[in-house]
Amino acid sequence: MLYITQALSDIPPAITMEILVLLATFFLLHSLLLLLWLFFSKWRYTSCYLIDYVCFKPPDDRKLPTDVCADIIARNNSLGIAEYQFILKVVVGSGLGESTYGPRSIIEGRASHPFHDDALYEMDSCFDAAVDELFSRAPAGLAPSSVDILVVNVSMFSPVPSLAARIIRRHRIREDVKVYNLSGMGCSASLVAVDLVRHLFRTHRNQVALMVTSESIAPNWYDGSKRSMLLGNCLFRSGGCAVLLTNDPVLGRSSGKMKLRRLVRTHIGRSDAAHGCAQQMEDEEGRHGFHLSRELPASAGQAFVENIRGMAPRILPVAETLRFLFAWTIKKCKKDLGIRSGVNLKTGVDHFCLHTGGKAVIEGIGRAIGLGVKELEPARMTLHRFGNTSASSVWYVLSYMEAKKMLRRGERVLMITFGSGFKCNSCLWEVMRDMGDAGAWEDCIEGYPPKSLLNPFMDKFGWINEPNAEVLLREMKKSVAERDAAHKLPTVTH
Numbered sequence: 001m002l003y004i005t006q007a008l009s010d011i012p013p014a015i016t017m018e019i020l021v022l023l024a025t026f027f028l029l030h031s032l033l034l035l036l037w038l039f040f041s042k043w044r045y046t047s048c049y050l051i052d053y054v055c056f057k058p059p060d061d062r063k064l065p066t067d068v069c070a071d072i073i074a075r076n077n078s079l080g081i082a083e084y085q086f087i088l089k090v091v092v093g094s095g096l097g098e099s100t101y102g103p104r105s106i107i108e109g110r111a112s113h114p115f116h117d118d119a120l121y122e123m124d125s126c127f128d129a130a131v132d133e134l135f136s137r138a139p140a141g142l143a144p145s146s147v148d149i150l151v152v153n154v155s156m157f158s159p160v161p162s163l164a165a166r167i168i169r170r171h172r173i174r175e176d177v178k179v180y181n182l183s184g185m186g187c188s189a190s191l192v193a194v195d196l197v198r199h200l201f202r203t204h205r206n207q208v209a210l211m212v213t214s215e216s217i218a219p220n221w222y223d224g225s226k227r228s229m230l231l232g233n234c235l236f237r238s239g240g241c242a243v244l245l246t247n248d249p250v251l252g253r254s255s256g257k258m259k260l261r262r263l264v265r266t267h268i269g270r271s272d273a274a275h276g277c278a279q280q281m282e283d284e285e286g287r288h289g290f291h292l293s294r295e296l297p298a299s300a301g302q303a304f305v306e307n308i309r310g311m312a313p314r315i316l317p318v319a320e321t322l323r324f325l326f327a328w329t330i331k332k333c334k335k336d337l338g339i340r341s342g343v344n345l346k347t348g349v350d351h352f353c354l355h356t357g358g359k360a361v362i363e364g365i366g367r368a369i370g371l372g373v374k375e376l377e378p379a380r381m382t383l384h385r386f387g388n389t390s391a392s393s394v395w396y397v398l399s400y401m402e403a404k405k406m407l408r409r410g411e412r413v414l415m416i417t418f419g420s421g422f423k424c425n426s427c428l429w430e431v432m433r434d435m436g437d438a439g440a441w442e443d444c445i446e447g448y449p450p451k452s453l454l455n456p457f458m459d460k461f462g463w464i465n466e467p468n469a470e471v472l473l474r475e476m477k478k479s480v481a482e483r484d485a486a487h488k489l490p491t492v493t494h
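Below, the structure written as structure tokens:
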């Protein structure tokens, strides 16, 4: 240090000052470049890419056509004529078709006394098939051993060991995998899982995440007569999906289908009405099921408004935002100039992937954000073909869009989901390449949309509204009991 000081003292002051300025400039530029590199490096690995997804298509012997549904209903000895009339009204207006799926235990007549193995079989059959197919289609080099993060969502069945542990054992996933087993998140669980993965990606580089979503119907089928709990039997159906996500920029850009742009979560559970409008419970006689109250539509509407209020400013173009602000200002001034005051989400979104909670849910969202028949087609067709598959439903809707070759590079897809609690979650995806996989729709996409979405329940069972319905009902129950006795099927075993 003394040598440097003596050397500098021999240099003229003007030159010394220039050297100091150059050194200061060098260190300043070095610091700026380092900060830019750190920022770019952090930003580069925080992206979330959708590599691929698979929607589970159960075997045909698990389909629920009209006759099978009638047999299941007839086995419920708690129902009277009034309840049968209620179920007929709900099913006819539900929007479900004759090709939805249910658990084997219910089809085989064990709805009132399911075994633990029935629930495990239902989950294993979905997860094993979906994950196997997902990795059979994955880019070269990707296998279950490549998974760094595993997130499993099943709201109403949480065994020990966990369902996530069963997947790890079945597919021989590495011992250092980061595992999350989510329950109780309801029909919005898959976007909760995507949000969890997105946050994990911010602290871990070059990760591959496997997200598996389903719902357990077998142990939660309601065998009583309470109408708010019979609704779930009419709407919920078996299904599930497996999804591969990554933040590896090389893998994402080369093999990704979509890139996550925005995700907004809304929870209005501080309201007692919202908290209790959709919940797992027992009726007055101790029968287990899922309750959907009259407050559900209002709670869903409130959560949806709050969620869109957070999402819209992030996805709308500047012109639409300015138009809305101008229209809102005019409205506040109480001047009617014929200007539409609502936001037009279609200016920032090309496709809408809506939760198939029911016909009324789909139509209600459509009215709220001004969607037409074409925009609602994917959700309506998915409800007809697969029913309400809970948290996996939006992926079946996405699969319909892909099978119809609707998704083109650069287009934006908005997913909107609702869940118990009460939650409304939404996310925006950007399509990275033209998508055209038929997936779970492969065997039926050519027949959609059908000429009519009417199901034949009213034609076959409209007699329940006739004066002699009790006599006909007794005959139907007797016939079902005789068939069950003659064709008793073995219990599910592992």
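When we follow UniProt numbering, the leftmost residue of the sequence shown carries the number 1, and every step to the right adds one.
Every residue gets a Cβ at the ideal spot worked out from N, C-alpha and C, and that includes glycine.
Next on the checklist: Just to confirm before moving on: does the CB-CB distance between Thr389 and Thr356 stay below 9 Å?
Outcome noted: yes
Checklist entry - CB Ala130 to CB Phe56, shorter than 9 Å? => result yes
Item to check | Neighbour-count burial assignment, Phe26, 16 or more Cβ in a 10 Å radius | outcome: exposed
Checklist entry - Considering only C-alpha positions, which residue in the set Pro103, Met258, Arg287 is nearest to Ala218? => result Pro103
Item to check | Close beta carbons around Ala469, own chain, < 7 Å, minus the five adjacent residues each side | outcome: Ile81, Trp463
Checklist entry - Taking the alpha carbon of Asp437 as the point to measure from, which residue in Lys404, Ile308, Met185 has its own alpha carbon closest? => result Lys404
Next on the checklist: I'd like to know if the region 112-119 and the region 211-230 are in contact, where contact means that at least 3 CB-CB pairs between them fall below 8 Å.
Outcome noted: yes
Item to check | Rounded straight-line distance, which links the Cα of Trp395 to that of Gly286 | outcome: 35 Å
Checklist entry - What do you get for Gly447, buried or exposed, if any count of 16 or more other CB atoms within 10 angstroms of its CB means buried? => result exposed
Checklist entry - Using CA coordinates, which residue listed in Ile106, Gly421, Arg270, Asp71 is at the minimum distance from Arg483? => result Asp71
Checklist entry - Among residues of its own chain, excluding the 5 on either side of Arg309, which ones have a beta-carbon nearer than 8 Å to its beta-carbon? => result none
Next on the checklist: Quick check for students: name the residue ranges of the beta strand (DSSP E) that lie wholly in the region 271-350, counting only runs of 3 or more.
Outcome noted: 278-282, 288-292
Item to check | Residue environment, Phe127, which counts as buried when at least 16 other CB atoms sit within 10 Å | outcome: buried
Checklist entry - Helix, strand or coil: how does DSSP classify Trp221 here? => result coil
Next on the checklist: Please report the straight-line C-alpha distance between Leu191 and Ser255, rounded to a whole angstrom.
Outcome noted: 22 Å
Checklist entry - Is Trp429 near the ligand MG, going by C-beta to nearest heavy atom under 8 Å? => result No copy of the ligand MG occurs in the structure displayed, which carries no ligand at all.
Next on the checklist: Does the structure place the region 421-431 close enough to the region 265-277 that three or more beta carbon pairs sit under 8 Å?
Outcome noted: yes
Item to check | Residue environment, Val318, which counts as buried when at least 16 other CB atoms sit within 10 Å | outcome: exposed
Item to check | Supposed contact pair Leu414 and Cys353 - C-beta distance, whole angstroms, cut 8 Å | outcome: 7 Å
Item to check | Those residues which DSSP pairs with Asp52 across a bridge | outcome: Leu244
Checklist entry - If you draw a straight line from the C-alpha of Met476 to the C-alpha of Lys460, how long is it? => result 12 Å
Item to check | Beta-carbon proximity of Val197 to Cys48, cut-off 9 Å | outcome: yes
Checklist entry - So, is Met17 buried or exposed, given that buried needs 16 or more other C-beta atoms within 10 angstroms? => result exposed
Next on the checklist: Pull the bridge partners of Gly141 from the DSSP assignment, please.
Outcome noted: The partner list for Gly141 (beta bridge, DSSP) is empty, contrary to what the question assumes.
Item to check | Contact between the region 146-161 and the region 92-101 (3+ Cβ pairs under 8 Å) | outcome: no
Item to check | For Gly462, the three-state DSSP class (helix, strand or coil) | outcome: helix
Checklist entry - If you drop the 5 nearest sequence neighbours on each side, which residues of the same chain put their C-beta closer than 7 Å to that of Gly229? => result The question names Gly, yet the displayed sequence has Met at residue 229. Taken in chain order, the residues that qualify are Tyr222, Asp283, Gly289, Phe290, His291.
Next on the checklist: Taking the beta strand (DSSP E) that Cys444 belongs to, which residues open and close that run?
Outcome noted: First-last for Cys444: undefined, no H or E at that position.
Item to check | Residues near Trp43 in its chain [Cβ-Cβ closer than 6 Å; skip 5 each side] | outcome: Low confidence applies here, because Trp43 scores a pLDDT of 49, under 50, leaving its location unreliable and the question unanswered by this model.
Checklist entry - What do you reckon, are the CB atoms on Val151 and Ala209 nearer than 9 Å? => result yes
Item to check | Enclosing alpha helix (DSSP H) for His384 [first to last residue] | outcome: 373-386
Checklist entry - Just the Cα atoms here: how many angstroms apart are Ile173 and Ala165? => result 10 Å
Next on the checklist: Per the DSSP calculation, Ile416 is bridged to which residue(s)?
Outcome noted: Leu354, Ser426
Checklist entry - Is it right to say Ile168 is buried, meaning 16 or more other beta carbons lie within 10 angstroms of its own, or is it exposed? => result buried
Item to check | Simplified DSSP assignment, three categories, for Leu407 | outcome: coil
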